[in-house]
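Counting from 15, one number per residue, gives the positions in the sequence shown under the working numbering.
Here's the structure, in structure tokens; my notes come after.
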Amino acid sequence: KDLPAATLGDSDMVSVGQWVIAIGNPFQLMHTVTAGIISAKGRSSVGLAEYEDFFQTDASINPGNSGGALADLNGNVVGINTAITSPSGGNIGIGFAIPINMAKQVMESLISKGKVVRGFIGITPQDIDENLAKAFDLKSTEGVLVGDVSPKSPADQAGIKRGDVILSINAEKVKNATQLRLMVAELPPGTKVKVSLLRQGQTQDVMVTLAERPKTPQEKAPQQEQPEERQSGKLGLALQDLTPDIAGQLGYENEKGALVADVAPGSPAEDAGLQRGDLIKEVNRQSVPGVKDFEKAIREFKGGDVVALLIRRGPTTLFAGIKIPE
């Protein structure tokens, strides 16, 4: 009761170059604050989700920062730290955060409807490069080319055709296909929008009533039986197999085991003293050459049992006793 709550800001008002702070627990270092700027807005094609509209920031974000706040200098939360781009696994100044307005929209949809509901127009949008602009005799690469129109979709019913170029929605210019998808997805089904388009050199406006985004074929497919939950997850461990490159970086050449990639705060693994970079070699004196072997060995124990793990940490080995959660 009476817990202090962070104030949510307006991520639409955030500017490139604006100072921000990232808050989180990188590498289990609790309550860490780093500073940087908004490097870019509207980053997509990051490969994390179907709908992407990230802030890019050079505020230091590392494993353990995900889910933490990205805030302005007045303490208003403007984003949620999500991921980094890094060839080494450490921070190189390219981090990504979900704008808080996008997170709020998802939150409100979940609360009111029990699911995320997105608008749907029913086209296959394409970015226009210079070659397409020349082929279609367009004056610029602005707008989005309609590559296809789904039958009986809102776009089809409104008369939008393949080859049309969408210039704006509700008078807001459409710059690329990603922006168009986000603009439509953020509007609730049933919303009427004015779509301005270019067809054979002539501009015209059409009214489109958005529908609810249908399920994809993968979502419609019968749900297969879910595999048994990984025991490592219950222990608070994120594990990965040891690759030659990682082994070389950590000095674990010619070793076998399950490498600890992350340890959840407050978990049995943290209580046992396990750390990121530890290499689990044995479970109760049984060799575990990889993650699958570790999972199989741990499944033999029941809740409440205490298991001895042989781990290598740097040049030395040591034992850790970990309790299997009930």
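Don't be surprised by glycine CBs; every beta carbon is placed ideally from N, CA and C.
These figures come from a predicted structure and were not determined experimentally.
| Item | Value |
| --- | --- |
| CB of residue 23 within 8 Å of CB of residue 120, strictly | no |
| Nearest to residue 228 (by Cα), restricted to the options 130, 324, 248 and 219 | 130 |
| Exposed unless 16 or more other CB atoms sit within 10 angstroms - verdict on residue 288 | buried |
| Backbone secondary structure at residue 93 - three-state DSSP | strand |
| Inter-stretch contact at 8 Å, needing at least 3 Cβ pairs: the region 79 to 96 / the region 35 to 49 | yes |
| At least 3 beta-carbon pairs within less than 8 Å: the region 274 to 289 vs the region 310 to 318 | no |
| For residue 341, the residue or residues it bridges with in DSSP | Not covered by the structure: residue 341. The range shown for the chain is 15 to 340. |
| Residue 134 - partner residues in DSSP beta bridges | 225 |
| Where residue 276 sits in the DSSP three-state scheme | strand |
| Counted within 10 angstroms of its Cβ, other Cβ atoms place residue 166 as buried (16 or more) or exposed | exposed |
| Which of helix, strand or coil DSSP assigns to residue 47 | strand |
| Span separating the alpha-carbon of residue 28 from that of residue 267 | 47 Å |
| 4 or more residues per run - each alpha helix (DSSP H) lying fully within the region 136 to 220 | 144 to 149, 168 to 172 and 191 to 199 |
| CB contact flag (residue 96, residue 68, <8 Å) | yes |
| Span separating the alpha-carbon of residue 164 from that of residue 171 | 10 Å |
| Proximity below 8 Å, CB of residue 253 to CB of residue 272 | yes |
| Residue from 326, 217, 270 and 126 whose Cα sits closest to the Cα of residue 305 | 270 |
| Cutoff 7 Å; reference residue 334; Cβ partners in own chain excluding five residues on either side | 286, 287, 288, 323 and 325 |
| Same chain only: Cβ atoms within 6 Å of residue 320, ignoring 5 sequence neighbours per side | 335 and 337 |
| Sub-8 Å separation of residue 98 and residue 224 beta-carbons | no |
| Reduced DSSP category for residue 124 - H, G, I as helix; E, B as strand; rest coil | helix |
| Bridge-paired residues (DSSP) for residue 336 | 321 |
| Residue environment, residue 20, which counts as buried when at least 16 other CB atoms sit within 10 Å | exposed |
| Cβ separation of residue 107 and residue 72, assumed to be a contact under 8 Å, to the nearest whole Å | 4 Å |
| Start and end residues, beta strand (DSSP E) containing residue 312 | Per DSSP, residue 312 belongs to no beta strand (DSSP E); it is in the alpha helix (DSSP H), 305 to 312. |
| Three-state secondary structure assigned by DSSP to residue 109 | strand |
| Alpha carbon of residue 54 to alpha carbon of residue 301, nearest angstrom | 48 Å |
| Neighbour flag for residue 288 against chain B, beta carbons, 8 Å | Among the chains in the structure shown there is no chain B, since it carries only a single protein chain. |
| Classification of residue 274 by the beta-carbon crowding that lies within 10 angstroms, buried from 16 upward | buried |
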